[in-house]
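As numbered in the numbering used here, residues 35 to 361 make up the sequence shown, in order. Built from N, CA and C at the ideal position, the CB exists for glycine as well.
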Amino acid sequence: MTQDMIALSRRRLLQGGSAFAAAGLAGTSSAFAKGPMLGTQAPYFYRFKLGTAEVTIVSDGPLPLGDPSQAFLGLTKEEIGRQLDSNFLPLANAVLEQNALIVNTGDRMMLFDTGMGSAKDFGPTTGKLLNSIKQAGIDPKDIDAVVMSHGHIDHLGGNVGDDGKSNFPNAQFYIQQSDLDYWTDEKLAGGPLKSFLAQAKKNLLPVRDRIVFFKDGQEFLPGVTAIAAPGHTVGHTIFNIQAGGKSMAYIGDLTHHPVLLMEKPLTEFAYDTDPKQAAQSRVRQLSRLAAEKTPIVAYHFAWPGFGHVAKQGDGFRYYPEPMNMAL
């Protein structure tokens, strides 16, 4: 065999091997795309222990506010962009979560805030609370206390169904009286928050005979103490919760955003009844929680909203608690 024939045979062998390999890959490539896309998420609850109590955080779903410059006031667009960009958050739409808290002491089952219900003022992604509760293995009939931090649409909207019946038929309802009076006052009917009034009336008046008022500093349920933090609404309240020697705070709407109302806490929020009073409440209570190193559940922080706050310069920083899935 001549050298030319040897070279030609080698070339054909290599070409044949390449073709075989290509054919083999082509023949198996479809095997990597057999699994269908599922389009579903994990159940929307998270559970942990607080001393002797079992705590479950359930979600009512994301609540998009839209352009952050329309909601967070007193900051330039450039400053808002800097804060969001440096924390890897989107610039065009401030999306809040809705982290409702359930505390089971063994004797009582307490739910803190109830989400938007069927109202769609902030779009179609809200209204998941009852389903989240059921995903968590909790029967709404077993909840015997519904505690409202204030009377806004996204904190009491799940009290009552569209049929006028309570979603929690065995529960007493708790709120600061000034908030009930304010958010059921017909003087708001023609204002920009008229839908807030309509939802408050829908979700408070049918259960009016089961509403109990609490006062600042009162332990109105076993281990649950009300702490006034007015400004966001006239009766906005946060709660200290104790069980088995451990404590945490449910802070409601003390701060809506883990960056924009934390780094510069005197920033004002468009939905505050008294923005300057709200800012002072925010600074005072966050300073206390940071100094005491009290764990918090923040209603609007990224899911599940459980962590700590610490002082940082003239403001604060939020540190999410790692999720422990070994419970």
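- Going by C-alpha positions, Phe247 is about 32 Å away from Leu294.
- In the same chain as Tyr80, and ignoring 5 residues on each side of it, the C-beta atoms closer than 6 Å to its own belong to Ile91, Pro338, in chain order.
- Going by DSSP, Tyr216 is part of the alpha helix (DSSP H) stretching over 211 to 217.
- Residue pairing of Ala262 in beta bridges, as defined by DSSP: Thr271.
- For Gly115, the three-state secondary structure derived from DSSP is helix.
- Spanning the alpha carbons of Asn201 and Thr110 requires a straight line of approximately 42 Å.
- Note on Thr301: 16 or more other CB atoms within 10 angstroms of its CB, so buried under the neighbour-count rule.
- Beta-bridge partners of Ser281 (DSSP): Gln276.
- Apart from sequence neighbours up to five positions away, the residues of its chain that approach His266 with a beta-carbon distance below 6 Å are Asp287, Asp306, Ala312, ordered along the chain.
- Per the C-alpha coordinates, the member of Leu255, Val181, Met296 positioned closest to Gly269 is Val181.
- By the neighbour-count definition (other C-beta atoms within 10 Å, threshold 16), Gln346 is an exposed residue.
- Between Asn193 and Thr148, the gap from beta carbon to beta carbon is short of 9 Å.
- By the neighbour-count criterion, in which a residue is buried when 16 or more other Cβ atoms sit within 10 angstroms of its Cβ, Ala126 is exposed.
- Runs of the beta strand (DSSP E) lying entirely within the stretch 291 to 350, each at least 3 residues long, are 340 to 346 in chain order.
- Between Phe340 and Phe350, the alpha-carbon positions lie close to 16 Å from each other.
- Fully enclosed alpha helix (DSSP H) runs of no fewer than 4 residues occupy 163 to 169, 187 to 190 of the stretch 131 to 213, in order along the chain.
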